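Comments concern the structure below.
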Amino acid sequence: MAAYIDSIQGGADEITVSGRGTPNHRVYLHHAGGGIALGSGPVGADGNYKFTTKEPVIKQQFHSKTFPVQVRESLDNVSYSDWCLNTSVTTC
721 MAAYIDSIQG GADEITVSGR GTPNHRVYLH HAGGGIALGS GPVGADGNYK
771 FTTKEPVIKQ QFHSKTFPVQ VRESLDNVSY SDWCLNTSVT TC
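Using this note's numbering, read the sequence shown as starting at 721 and increasing by one per residue.
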């Protein structure tokens, strides 16, 4: 199964993301096109995930900006995968 973003919310130097993925796997949130890892979280046995990431890079590079993100089921952010979903988030 592919990983999908169903909801994403930017906050004070953090991002909360939820969606669907392969049960009992891990999903990785990246800056789309930039290759910067923004966090990761586990997918539950029911195929749903939700996590909040507060990686320092969010505050350092993306504070108060709108930027594209994508979620993947692979830590390898070098190769493009057609099951990545791109969306944008604004941090406060």
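Every residue, glycine too, gets a C-beta built ideally from N, C-alpha and C. Note that the structure is predicted; figures quoted are calculated from it, not measured.
For this session: Can you say whether Q780 is buried or exposed, counting buried as having 16 or more other CB atoms within 10 angstroms of its CB?
Result: Along the sequence shown, read from residue 1 onward, the residue named residue 780 stands at position 60. Q780 sits exposed, since fewer than 16 C-beta atoms from the chains shown fall within 10 Å of its C-beta.
Problem set entry | R792 versus G761, P776 and D733, residue with shortest Cα-Cα distance | Within the sequence shown, numbered from 1, the residue matching residue 792 stands at position 72. Proximity to R792 across G761, P776 and D733 peaks at G761, based on C-alpha coordinates.
Exercise. Just how far apart, CA to CA, sit Y769 and P776?
Worked result: Position 49 of the sequence shown, counting from 1, holds the residue named residue 769. Position 56 of the sequence shown, counting from 1, holds the residue named residue 776. Whole-angstrom Cα-Cα distance: 22 Å.
For this session: Go through the region 734-791 residue by residue and report every complete run of the beta strand (DSSP E) that reaches 3 residues or more, in order.
Result: Counting only runs of 3 or more, we get 735-740, 746-751, 757-762 and 768-773.
Exercise. CB of L749 to nearest heavy atom of the ligand MN: below 6 Å?
Worked result: Among the components of this structure there are no ligands whatsoever, and the ligand MN is therefore not found.
Problem set entry | Distance between S784 and L805 (C-alpha atoms, nearest Å) | Here the question's residue 805 lines up with position 85 in the sequence shown. Here the question's residue 784 lines up with position 64 in the sequence shown. Annotation note: pLDDT 46 at L805 (below 50); position unreliable, coordinate value reported separately. Roughly 22 Å separates the two Cα atoms.
For this session: Starting from the Cα of A765, find the closest Cα among G741, A752 and T773 and give me that residue.
Result: For this step, residue 765 is matched to residue 45 along the sequence shown. Nearest neighbour of A765 by Cα position, chosen from G741, A752 and T773, turns out to be G741.
Problem set entry | CB contact flag (G730, T810, <7 Å) | In the sequence shown, the residue the question calls residue 730 occupies position 10. In the sequence shown, the residue the question calls residue 810 occupies position 90. Between G730 and T810, the CB-CB gap stays under 7 Å.
For this session: For R746, I'd like the list of residues in its chain whose CB is within less than 6 Å of its CB, leaving aside the five on either flank, ordered along the chain.
Result: The residue labelled residue 746 in the question sits at position 26 within the sequence shown. Cβ neighbours of R746 beyond the five flanking positions: S760 and P762.
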